[in-house]
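Remarks on the structure that follows.
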Amino acid sequence: MNNQNKKTIQLLIVTRNIIISLFASIFLIWAFFQNNVVGKVIISPFLICSVASLCKNVFIVLNKPKMANICYHIFAVSFFVYVFGFLIYTVYYSIVNKTYSLLIVVGIFLIFTMRFLKLIFFKKR
Numbered sequence: 018m019n020n021q022n023k024k025t026i027q028l029l030i031v032t033r034n035i036i037i038s039l040f041a042s043i044f045l046i047w048a049f050f051q052n053n054v055v056g057k058v059i060i061s062p063f064l065i066c067s068v069a070s071l072c073k074n075v076f077i078v079l080n081k082p083k084m085a086n087i088c089y090h091i092f093a094v095s096f097f098v099y100v101f102g103f104l105i106y107t108v109y110y111s112i113v114n115k116t117y118s119l120l121i122v123v124g125i126f127l128i129f130t131m132r133f134l135k136l137i138f139f140k141k142r
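Residue numbering for the sequence shown follows this note's numbering, beginning at 18 and increasing consecutively.
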């Protein structure tokens, strides 16, 4: 496969990702304004992730790799804030309802989450 075909395929994939992110962002913006405060808190990380993904793909098309990298890190931070928030809430729920076996599952997810966090933010260069 020559270099021109690779670029064309990459452009098609990025264009598809832009369309998907655009539809997701529009839907999440609509859902954000239709919900109460608790719903907005739940939807906001997904909205940030979809807008960051949309911006990242647009910057890839515009050949701005530094801006695309910034958007990628915004996406990753938002995702990890949501995951850690969910795990913290699960620990709270487990302690309040005295279902301590759930803490084992939280510990497993926490180990994997920390591993992914290390892979994304602390790469060896």
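We put the CB at the ideal spot given by N, CA and C, even for glycine.
### Task
Can you give me the start and stop residues for the alpha helix (DSSP H) that Ser70 sits inside?
Counted from its first residue, the sequence shown places residue 70 at position 53. Segment 54-78, the alpha helix (DSSP H) holding Ser70.
#### Entry: Identity of the residue in Leu104, Lys140, Thr116 nearest Phe129 by Cα
Translated into positions along the sequence shown, residue 129 becomes position 112. Measuring from the Cα of Phe129, the nearest candidate turns out to be Leu104.
### Message
Under DSSP, the alpha helix (DSSP H) around Phe96 begins and ends at which residues?
### Response
Numbered from its first residue, the sequence shown carries residue 96 at position 79. Annotation for Phe96: the continuous alpha helix (DSSP H) segment containing it runs 82-113.
### Query
What do you reckon, are the CB atoms on Val31 and Ile77 nearer than 8 Å?
Start at 1 with the first residue of the sequence shown, and residue 31 comes out as number 14. Start at 1 with the first residue of the sequence shown, and residue 77 comes out as number 60. Contact flag set, yes.
### Task
Please name the residue in Phe50, Val75, Gln21 whose C-alpha comes closest to that of Ile36.
Your numbering for residue 36 matches position 19 in the sequence shown. Out of Phe50, Val75, Gln21, the CA that lies nearest to the CA of Ile36 is found in Val75.
### Message
Ala41 and Ser67 - do their beta-carbons sit closer together than 8 Å?
### Response
Here residue 67 corresponds to residue number 50 of the sequence shown, with the count starting at 1. Here residue 41 corresponds to residue number 24 of the sequence shown, with the count starting at 1. In this structure, Ala41 lies closer than 8 Å to Ser67 by Cβ.
### Cβ pair Leu45, Ile60 closer than 8 Å
Translated into positions along the sequence shown, residue 45 becomes position 28. Translated into positions along the sequence shown, residue 60 becomes position 43. In contact: Leu45 and Ile60 (Cβ atoms closer than 8 Å).
### Task
With DSSP as the reference, label Lys140 as helix, strand or coil.
Along the sequence shown, one-based indexing puts residue 140 at 123. Taken through DSSP and simplified to helix, strand or coil, Lys140 comes out as coil.
### Task
Could you tell me how far apart the beta carbons of Val123 and Thr107 are, in whole angstroms, since I believe they sit closer than 8 Å?
On the sequence shown, residue 123 is found 106 positions in, with the first residue counted as 1. On the sequence shown, residue 107 is found 90 positions in, with the first residue counted as 1. The Cβ separation is near 5 Å, so the contact holds.
#### Entry: Residue burial classification, Ile143 (beta-carbon count within 10 angstroms, cutoff 16)
The structure shown does not extend to residue 143, since the chain is modelled only from 18 through 142, so no value can be given for it.
### Backbone secondary structure at Thr116 - three-state DSSP
Here the question's residue 116 lines up with position 99 in the sequence shown. Looking at Thr116 - three-state DSSP - the assignment turns out to be coil, as it is neither helix nor strand.
### Query
Start and end of the alpha helix (DSSP H) containing Asn19?
Residue numbering aside, residue 19 sits at position 2 when the sequence shown is read from its first letter. Annotation for Asn19: no alpha helix (DSSP H) segment contains it, and DSSP assigns it neither H nor E.
### Task
Take the Cβ of Ile65 as the centre, count every other Cβ of all protein chains shown within 10 Å, and call the residue buried at 16 or more, exposed below.
As a working mapping, residue 65 is identified with position 48 in the sequence shown. The residue is buried, with at least 16 neighbouring Cβ atoms inside 10 Å.
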